[in-house]
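Peer 1:
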Amino acid sequence: MTDSLTSFLASKLAERKEAHLYRRRLCLDSPQGPEVSEGGRRLVNFCSNDYLSPAAHPKLQEAFSQAASQYGFGSGASHLVCGHSAPHQQLEEALAAFTGRARALVFSSGYSANLGVITSFLGRADAIFEDRLNHASLIDGGLLSGAAFERFKHNDVGDLTARLAKSTARYKLVAVDGVFSMDGDRAPLVELAELSRAHNAWLMVDDAHGFGVLGPNGGGSTESAGLTAQDVPIYMGTLGKALGCAGAFIAGSEDLIECLIQLARSYIYTTALPPALAAATCAALALVQQEPERRQRLRGHIAHFTAGAKARNLSLAPSQTAIQPLILGDNARALAWQQALAARGFWVGAIRPPTVPVGSARLRITLTAGHSRSQIESLLDALAELAHSEAPWI
Ligand SMILES: *Cc1c(COP(=O)(O)O)cnc(C)c1O
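The sequence shown begins at 1 in our numbering and counts up one residue at a time.
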């Protein structure tokens, strides 16, 4: 290692520590679930995106092992070389049917799905319009595409309207999170669909936190808003959150998917997911469809949690989804709350910049169908106790 590299690395790390931005990973020695174990310590888990709690479900394990005995583990290559197999194909067909689209294409991650769509469809003559609070992968895709980048104020249809009206770009793409990942609020999709149509812009919804959870059938933000494939021609969902597996997909028209297969570099130049994982994901999708009670239970938990927070004077950010942020502002304060909760047996993520804007560090509390009422009550009590103990300087 050269001296300049050594000192560069040391100063980068020191900077992060100084700003209370240093990240540490928890190493679990249990399956993912409402309660996890780390180094023998039990923690009630309020930070996973396993909203419907299928991540450790026996039906997924069974589908995985059965497919592994038939297809082995590795896919061997990218989809276009020789890595595409029957379980991938079945998963794509099931996702297309479930989302009411002609086709779906499975990517290895949501990050690569977003990069793939945006960089395939847009170039220097074009413009992308993104909500300020969009997920990093949508932002990075926009930057990488070389298109003119317009970030509009969060959920501000007026700001977007003015920007669209001024644009002289060849093609215009409006991209938003269906449910904002760190805030839990939802994009005004009905208005955005209307506006996009009026300005001849293409609407893309990243439904990482809506797919499987929202809508009567779990069809996501678009189903819950009553929007069709014409309204939202580019729909993205992830498979690692409510479905408890890994990967992501884009759903849309026949030509949209064919174009991605031809053009999306993040699809073409990467190894296909293991076929057994695709089989487990099919089982997860079936579970989400066959057990609507998981969504009902989650909805009940959300109502219970928000009412309980109100009764205890905890000022949560306005959210009706499984993501319930408690904004604390200062990075050190968010970390102190996280540590105090961990000492009481709760695991809640302290989310800090650049994931969220500077000065809006927060606890990102997530609820899942697998939690019990008493776990939620205990968390509320612990939060109220922490708020009370620091009351003089709030
Ligand atoms: C998690 C997430 C992604 C990335 O999905 P991965 O499959 O984890 O790469 C994209 N968009 C949003 C809004 C997300 O929350």
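Glycine residues also receive a C-beta, built at the ideal position from the N, C-alpha and C atoms.
Whole angstroms is fine: what's the gap from residue 115's alpha carbon to residue 144's?
Peer 2: Residue 115 and residue 144: Cα-Cα distance of roughly 8 Å.
Peer 1: In terms of residues, what are the limits of the beta strand (DSSP E) holding residue 324?
Peer 2: Where residue 324 is concerned, the enclosing beta strand (DSSP E) stretches over 323 to 329.
Peer 1: So what does residue 205 bridge to, in DSSP terms?
Peer 2: Looking at the DSSP assignment, residue 205 forms a beta bridge with 176 and 235.
Peer 1: Rounded to the nearest angstrom, what separates residue 267 and residue 382 at their Cα positions?
Peer 2: Cα-Cα distance, rounded: 45 Å.
Peer 1: Would you report the Cα separation of residue 337 and residue 243, rounded to the nearest angstrom?
Peer 2: Spanning the two alpha carbons is a distance of roughly 29 Å.
Peer 1: List the endpoints of the continuous alpha helix (DSSP H) containing residue 130.
Peer 2: Element bounds for residue 130: not the alpha helix (DSSP H) but the beta strand (DSSP E), 127 to 131.
Peer 1: Between 315, 321, 329 and 181, which lies nearest to residue 380 when the distance is taken from Cα to Cα?
Peer 2: It is 315.
Peer 1: If you pair each beta-carbon of the region 285 to 294 with each one of the region 114 to 128, do three or more pairs fall below 8 Å?
Peer 2: At 8 Å Cβ cutoff, the stretches do not touch.
Peer 1: In angstroms, rounded to a whole number, what distance separates the CA positions of residue 278 and residue 162?
Peer 2: Computed Cα separation, rounded: 43 Å.
Peer 1: Answer yes if the region 252 to 269 comes into contact with the region 31 to 48, meaning at least three C-beta pairs across the two stretches below 8 Å, and no otherwise.
Peer 2: Short answer: they don't touch.
Peer 1: Please identify the residue among 305, 276, 378 and 283 whose C-alpha is closest to the C-alpha of residue 71.
Peer 2: The candidate whose alpha carbon is nearest that of residue 71 is 276.
Peer 1: In whole angstroms, what separates the C-alpha of residue 74 from that of residue 273?
Peer 2: If you take the alpha carbons of residue 74 and residue 273, they lie about 8 Å apart.
Peer 1: Quick one: what's got a C-beta closer than 7 Å to residue 83's C-beta in the same chain, skipping five residues either side?
Peer 2: The residues are 75, 76, 77, 271 and 272.
Peer 1: On the criterion of 16 or more Cβ atoms from any shown chain inside 10 Å, does residue 150 qualify as buried, or is it exposed?
Peer 2: It is buried - the Cβ of residue 150 has at least 16 other Cβ atoms within 10 Å.
Peer 1: Just the Cα atoms here: how many angstroms apart are residue 257 and residue 210?
Peer 2: Distance between the alpha carbons of residue 257 and residue 210: 21 Å.
Peer 1: Quick check: the Cα distance between residue 226 and residue 205, rounded to an integer number of angstroms?
Peer 2: Looking at the two C-alpha atoms, the distance is approximately 14 Å.
Peer 1: With DSSP collapsed to three states, give me the class of residue 252.
Peer 2: In this structure, residue 252 counts as strand in the three-state DSSP scheme.
Peer 1: Where does residue 78 sit, in a helix, a strand or coil, going by DSSP?
Peer 2: In this structure, residue 78 counts as strand in the three-state DSSP scheme.
Peer 1: For the beta strand (DSSP E) that residue 43 lies in, which residues bound it at each end?
Peer 2: That run of the beta strand (DSSP E) goes 41 to 45.
Peer 1: Leaving aside the five residues before and after residue 134 along the sequence, list all residues of the same chain whose C-beta is less than 7 Å from its C-beta, in chain order.
Peer 2: For residue 134, where only same-chain residues beyond five positions count, the Cβ hits under 7 Å are 175, 176 and 177.
Peer 1: Leaving out five residues before and five after residue 12 in sequence, what residues of the same chain have Cβ atoms less than 6 Å from its Cβ?
Peer 2: If we look at residue 12 and ignore the five residues flanking it on each side, it has no Cβ neighbours.
Peer 1: Tell me whether residue 212, by its Cβ, gets closer than 7 Å to a heavy atom of ligand 1.
Peer 2: Every heavy atom of ligand 1 is 7 Å or more from the Cβ of residue 212, so no.
Peer 1: In whole angstroms, what is the alpha-carbon distance linking residue 309 and residue 214?
Peer 2: Taking the straight line joining both Cα atoms gives about 22 Å.
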